[in-house]
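Asks: Here it is, the structure, as structure tokens.
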Amino acid sequence: MNIYAPTFWPNGSEIDHGAPSLRLRDILPALGSTTFACFDKDHLPHIGETVHVLWIPPVSDINGWSEQPSEIALSYLLTAKVISEATLMAPSERDPNFILRGKYRYTLNVLARERLLDVLKTFTVEADSWSLPTVATDQGITQLWDEVHWCGVASVEGLIYLVANTRNEGFMELLLSKEGEHLIGLFSLELNPSGIQCNLGKHRLTAMEQHSIQRAMHNAQPLLDSQAPYIVFCDALD
């Protein structure tokens, strides 16, 4: 399943992002509502298209799951219809370093939503669903995970979260489970200067892929939340 990973921050003018706590129901797009999301120029949807979109809470939306790995459990997969043409975001005089600069904002109508980790647990094995990224070198084709410069790892509800940077501006994330001695990929994201690729699906790693990931995990830095918990569940979600 190919999905989009846009930026939803800020979550609305009525949300106080400087408050010590936020209610999940106030920031998570509701069923039937319209919301805005900003997409990278190399991975744009089309008006009228129904898309699968990854929604993540504010700290991770700005800084990535690696800064707040517990927010993986609070991330959602939305099914939404694109109902507007794109608007190019530009920096304002007040905030010249606006984080959305160069992104394209669309209006989305939310048709369905489900917690990401619950979605991942429903997948059956699909051998050709996706594979780990590779790169051409002087020695031939090699796994991009063999080229990592830095790697971090965390455990979230029994799943393994793995994140890495390469020396050539590559960025990768994985969510994995284990079945006996086998590693099973459930989520894969790759970001590089040429664009972004984000996939969901249950993929049993090949022997070569598993060797690369095990080596990355062995050298990975344990990740912890950079902030205290700030999302509260005062009310049940719809």
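Going by my numbering, the sequence shown opens with residue 392, and the numbers climb by one from there. Cβ atoms here follow ideal geometry from the backbone N, Cα and C, with glycine treated the same way. In this text, all values refer to a predicted model and were calculated from it rather than measured experimentally.
1) Can you round the beta-carbon distance between phenylalanine 399 and tryptophan 446 to whole angstroms, since I take them to be within the 8 Å contact cut?
2) Just the Cα atoms here: how many angstroms apart are glycine 353 and aspartate 417?
3) Taking glutamate 538 as the reference, which of Val526, Gly531, Glu548 and Ile587 has the closest Cα?
4) How many Å lie between serine 461 and aspartate 616 at the Cα?
5) Between His594, Gly423 and Ala619, which lies nearest to leucine 502 when the distance is taken from Cα to Cα?
6) Given a cut-off of 8 Å, decide if phenylalanine 430 and tyrosine 497 are closer than it, judged by their beta-carbon atoms.
7) Enumerated in chain order, which unbroken segments of the beta strand (DSSP E) with a length of 3 residues or greater are wholly contained in the segment 571-623?
8) Compare the C-beta of leucine 468 against all C-beta atoms of chain B and say whether one is closer than 8 Å.
9) Leucine 553 and valine 544 - do their beta-carbons sit closer together than 8 Å?
10) Taking all protein chains shown into account, do 16 or more other C-beta atoms lie within 10 angstroms of the C-beta of aspartate 452, making it buried, or fewer, making it exposed?
11) Tell me the DSSP secondary structure of isoleucine 490 in three-state form.
12) Compare the Cα-Cα distances from asparagine 393 to each of Gly531, Ala410, Ile490 and Val444 and report the closest residue.
Replies: This is what the structure gives:
1) 6 Å
2) Outside the shown range of the chain, which is 392 to 629, sits residue 353, and nothing can be said about it.
3) Val526
4) 7 Å
5) Gly423
6) yes
7) 573-583 and 586-595
8) In the structure shown, chain B cannot be found, because there is only a single protein chain.
9) yes
10) buried
11) coil
12) Val444
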